[in-house]
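Those protein sequence lines, which keep their order, are chains A and B.
Per the UniProt record's numbering, the very first residue in the first sequence carries number 1; after that it's consecutive.
Per the UniProt record's numbering, the very first residue in the second sequence carries number 1; after that it's consecutive.
Glycine residues also receive a C-beta, built at the ideal position from the N, C-alpha and C atoms.
Every value quoted in this text rests on a predicted model; they were computed, and no experiment measured them.
In what follows, a single structure is set out as structure tokens and then discussed.
2 protein chains.
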Amino acid sequence: MTPERLRRLRATLARRQPDLSVIMDGVHKPHNIAAVVRTCDAVGVLELHAALPNNRARDTVRTALGSQRWVNVREHHDGEEAIRAARKRGLQVLAAHWSDQAVPYREVDYTQPTALLLGTERTGVDATSAAAADRHVFIPMMGMVSSFNVSVAAAIILAEACEQRRAAGLYDRSRLSEAQHRDTLFKWAHP
Amino acid sequence: MTPERLRRLRATLARRQPDLSVIMDGVHKPHNIAAVVRTCDAVGVLELHAALPNNRARDTVRTALGSQRWVNVREHHDGEEAIRAARKRGLQVLAAHWSDQAVPYREVDYTQPTALLLGTERTGVDATSAAAADRHVFIPMMGMVSSFNVSVAAAIILAEACEQRRAAGLYDRSRLSEAQHRDTLFKWAHP
Ligand SMILES: C[S@@+](CC[C@H](N)C(=O)[O-])C[C@H]1O[C@@H](n2cnc3c(N)ncnc32)[C@H](O)[C@@H]1O
Ligand SMILES: C[S@@+](CC[C@H](N)C(=O)[O-])C[C@H]1O[C@@H](n2cnc3c(N)ncnc32)[C@H](O)[C@@H]1O
């Protein structure tokens, strides 16, 4: 590893947000998973939570998750378990979910410790996860089709979170614990 | 067609933005094309311009474009031709392109007549299109990977355009010419 490369890893680590997370609740198409993970890296998500689908897609999801490198992934049995884990770490859980109680995504304060929950491609956020989330957020739509692609919806909301966190200076000083810094640097430097 | 369905089509048409367009300059993966078109529908793009790749992907792109319904598509030989066509209709051409001259995407006024140009999955915006565009815009990135998925980048910028246009009331009154309204309604009602 060149000194420059090591500097680059450290600089990126110094921008990682331990209190901004994503829960993929049953998302199963590999290209969507890849796009979500790539966006997580770009906005500084340290850790991604995946509730694995309970069907044939399970192994595909595992493979798709295994091939990525810059975001730590934790697997969960289902959405509820992932939500409980997020809340235990002090995060508010926002479900990206068009419901009666949903608020427009730009009205939320993403500088608060936050996990964004995404639903599956076909059926969206299921009733159990919707009930377990703290709030629902939606992205207004002006057209005929009634939802965005899931990786697109994730990106629109995470881009707003990123903008708010930039404005608040949350990328300007390292926010990781010593253990988080050390463990993640080790993983990145020794793949 | 039920009266309710017809009302829905008219209401959506009344939100269409004839002066907000997208140029896909060589984008060729079907799932990316599908996601871009879906996002275009959701933010009210009336017309999408596709510069077809000059290789084996050409037919795949044609097929992917043919299967969508709510956004009018114009095909072009290359990016330059698409840019010329956009400019002829009075649109500023913004290339989503990370260059020395690029400005952060949130600093741009998207209530102006605008076409957003997107580059290919592998090599991005080529030199000719970059030179022909009026401005370059970029989305800040905090991670290790050096670009977003193209449909994700499109969505992040178009969501900002949508937000600005909502705030400016551009979705509150019909903005189509009589001919645009008539022709598009005919196409939508008689697929
Ligand atoms: C393709 S959508 C699911 C569509 C499903 N038919 C439904 O009714 O929920 C996949 C996921 O993307 C997210 N999503 C898509 N469009 C959204 C929007 N306009 N607002 C908030 N989240 C959205 C949600 O997390 C959703 O579960
Ligand atoms: C996967 S990227 C192309 C990456 C290519 N290696 C390059 O260097 O340009 C595909 C397209 O998405 C858009 N894009 C991706 N990330 C972007 C960003 N951070 N800012 C602006 N546009 C971006 C651009 O239009 C780009 O041409």
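C-alpha of B/Glu81 to C-alpha of B/Asp100: approximately 24 Å in a straight line.
Within chain A, no residue has its CB atom less than 9 Å from the CB of B/Asp19, the nearest being about 14 Å off. One finds Met141, Met142, Gly143, Met144 and Val145 in chain B with Cβ atoms closer than 9 Å to the Cβ of A/Asp41, taken in chain order. By the C-beta criterion, the region 1–8 of chain B is judged not to be in contact with the region 11–24 of chain A, since fewer than 3 inter-stretch pairs fall below 8 Å. Comparing C-alpha distances from A/Pro30 to each of A/Ala42, A/Phe138 and A/Ala50 shows the shortest one belongs to A/Ala50.
In summary, A/His77 is exposed, with fewer than 16 beta-carbon neighbours lying within 10 Å of its beta-carbon over all protein chains present.
In this structure, A/Val37 lies away from A/Ala115, with their beta-carbon atoms at least 8 Å apart. With a cutoff of 7 Å, A/Val108 does not count as near ligand 1, since its C-beta is closer than that to no heavy atom of the ligand.
Residues Glu80 and Ile83 of the same chain have their beta carbon placed closer than 6 Å to that of B/Ala132, with the five preceding and five following residues left out of the count. The beta carbon of A/Ala155 sits closer than 7 Å to those of Thr39, all from its chain and outside the five residues before and after it, given in chain order. Sequence-ordered contacts of the region 29–60 of chain A with chain B read His31, Ala35, Arg38, Thr39, Asp41, Ala42, Val43 and Gly44 [C-beta pairs closer than 7 Å]. In the DSSP annotation of this structure, B/Gln112 is not part of any beta strand (DSSP E), being labelled neither H nor E. In the DSSP annotation of this structure, the continuous segment of the alpha helix (DSSP H) that includes A/Ile83 starts and ends at Gly79 to Lys88. Residue environment for B/Ser129: buried (at least 16 other C-beta atoms within 10 angstroms of its C-beta).
In this chain, the beta strand (DSSP E) harbouring A/Glu47 covers Glu47 to Ala51. When rounded, the separation of the alpha-carbon atoms in B/Val93 and A/Asn54 is 46 Å. For B/Asn72, the uninterrupted beta strand (DSSP E) segment begins and ends at Asn72 to His76. By alpha-carbon distance to B/Glu47, the top candidate from B/Arg122, B/Arg106, B/Leu65 and B/Phe138 is B/Leu65. With a cut-off of 7 Å, the C-beta of B/Gly119 is classified as near ligand 2, since at least one heavy atom of the ligand falls inside that distance.
If only uninterrupted beta strand (DSSP E) runs of at least 3 residues are considered, those enclosed by the region 96–183 of chain A are 114–118 and 135–138.
In this structure, B/Thr123 has its CB closer than 7 Å to one or more heavy atoms of ligand 2. Rounded to the nearest whole angstrom, the CA to CA distance from B/Thr184 to B/Thr12 is 11 Å.
In the three-state reduction of the DSSP assignment, A/Val36 falls in the helix class.
Its chain contains Pro53, Ala57 and Val61 as the residues whose beta carbon lies nearer than 6 Å to that of B/His28, once the 5 sequence neighbours on both sides are disregarded; these appear in chain order.
When B/Glu107, B/Met24 and B/Asp59 are compared, the shortest CA-CA separation from B/Phe138 is found for B/Glu107.
Taking all protein chains shown into account, B/Gly90 has fewer than 16 neighbouring C-beta atoms within 10 Å of its C-beta and is therefore exposed. For the region 70–94 of chain B, the beta-carbon criterion of a distance under 7 Å to any beta-carbon of chain A is satisfied by Trp70. Leaving aside the five residues that flank B/His136 on each side, the residues in its chain whose CB is nearer than 6 Å to its CB run, in chain order, Ala95, His97, Ser99, Gln101 and Ala102.
For B/Pro18, the uninterrupted beta strand (DSSP E) run begins and ends at Gln17 to Asp25, by DSSP. Under a criterion of Cβ atoms nearer than 7 Å, the residues of chain B adjacent to A/Val152 are, in order, Ala35, Thr39, Ser151, Val152 and Ala155. By the criterion of a C-beta distance shorter than 7 Å, B/Asp41 is surrounded in its chain by Trp70 and Val71, once the five residues flanking it on both sides are discounted.
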